[in-house]
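Undergrad: Protein chains in written order, with numbering that gives the first Met the number 0: chain A, 0 to 137; chain B, 0 to 137. Could you have a look at this structure, given as structure tokens, before my questions?
Number of protein chains: 2
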Amino acid sequence: MLDHIDEGKGLQVLSALRIDGKDGSLITIALNVPSGKFKKKDIIKVENKFLKDDDTNKLAVIAPKATINIIKDYKLIEKRRVALPNEINRIFRCSNPDCISNSTEHIESVMDVIDKEGRVLKCRYCSRVLDVNKLKYN
Amino acid sequence: MLDHIDEGKGLQVLSALRIDGKDGSLITIALNVPSGKFKKKDIIKVENKFLKDDDTNKLAVIAPKATINIIKDYKLIEKRRVALPNEINRIFRCSNPDCISNSTEHIESVMDVIDKEGRVLKCRYCSRVLDVNKLKYN
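Listed below in structure tokens is the structure:
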């Protein structure tokens, strides 16, 4: 279960993590749920979904307040907050069309997280500082 | 509440009806819910959403098994199945690029529902028979 997703980001998380229910698993999404801690939050519950590092990195960028709750046999067995790593490889695309990571040379993008609190990412190749709200996925 | 949405169509209905929670209203979506009547179904609950004719027509095309349940003060006050009208104006785009409804003359699309059961639509202008699973919205 993904809890405390920043209000209004639930559908974006769904799409970034490619949760679409096409595998037939039960999915529940709640948007704009009243929350004590923050004003409102979005929640996503998914059966049998194992988050890879790429998924938690996307989550940390899109919904930095999110918590990941792992539930097994109706018991909460793990609860953790998402956190940005020092660098994010591959998953996002640099917004600079002239950046070598966007060339035909198939170089994987590398972004340094230069401010974790403010979610500021910087392309290691062209040094462009990236707006996390406009990032495109590879 | 929209119940009995055809399995796997919930997110498409959400997008077609422009339900995105940006107005802050509480929204719950459940995908792949076990259902006695059909094998599985999707469900969408929305606060303060009034469906216009265009919305129910979209719903009838995308999720023909859907039921619309109107709940007020915790009571179910109306329950109805969606049904295709005889013609659908404006909301869908003809897939024929040469159709006059796609020209710059701003003519509204008109589609005759020639088979309600099989959900077959036919453009009144160019007579193209349209695949309901590939319709684009205007």
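Ideal Cβ placement from N, Cα and C applies to all residues, glycine included.
Can you check which of these residues, A/D111, A/D19, A/D5 and A/I90, is closest to A/R127 by C-alpha distance?
TA: Closest option to A/R127, Cα to Cα, is A/D111.
Undergrad: Using a C-beta to C-beta distance shorter than 9 Å, which residues of chain A count as neighbours of B/S159?
TA: Nothing about residue 159 of chain B can be reported from this structure: the residues present for chain B run from 0 to 137 only.
Undergrad: Restricting to Cα atoms, I'd like to know which of B/K39, B/K44, B/L25 and B/K135 is closest to B/C93.
TA: Of B/K39, B/K44, B/L25 and B/K135, the residue nearest in Cα terms is B/K135.
Undergrad: Give me the chain B residues within the contact set of A/T27, using Cβ-Cβ distance strictly less than 8 Å, ordered along the chain.
TA: What A/T27 touches in chain B: T27, I28, A29 and L30.
Undergrad: Near B/F91, which residues of its chain fall below 8 Å by C-beta distance, leaving aside the five closest residues on each side in sequence?
TA: Answer for B/F91: V60, S108, M110, L120, L129, L134, K135, Y136 and N137, listed in chain order.
Undergrad: Between the beta-carbon of B/A15 and the beta-carbon of B/K44, is there less than 8 Å?
TA: The answer is no: Cβ separation not under 8 Å.
Undergrad: With DSSP run on the structure shown, which of helix, strand or coil describes A/K57?
TA: The answer is helix: DSSP assigns A/K57 an H, G or I state.
Undergrad: Under a CB-based cut-off of 8 Å, is A/L10 close to chain B?
TA: Yes, A/L10 lies at the interface with chain B (some Cβ there is under 8 Å from its Cβ).
Undergrad: In three-state DSSP terms, what is A/D114?
TA: Note: A/D114 maps to strand in three-state DSSP.
Undergrad: Contact defined as beta carbons within less than 8 Å: I believe B/L25 pairs with A/V12. What is the distance between those atoms, to the nearest angstrom?
TA: In fact, because the Cβ distance is near 17 Å, the residues do not count as touching under 8 Å.
Undergrad: Identify the continuous beta strand (DSSP E) that holds B/V32 and give its terminal residues.
TA: Unbroken beta strand (DSSP E) run through B/V32: I26 to P33.
Undergrad: Does DSSP put B/D97 in a helix, a strand or coil?
TA: Three-state result, B/D97: coil.
Undergrad: Is the beta carbon of A/D2 less than 8 Å from the beta carbon of A/I42?
TA: It is a contact, given that the beta carbons lie within the stated cut-off.
Undergrad: With a cut-off of 8 Å, does the C-beta of B/G117 fall near any C-beta of chain A?
TA: With 8 Å as the cut-off, B/G117 does not count as an interface residue toward chain A.
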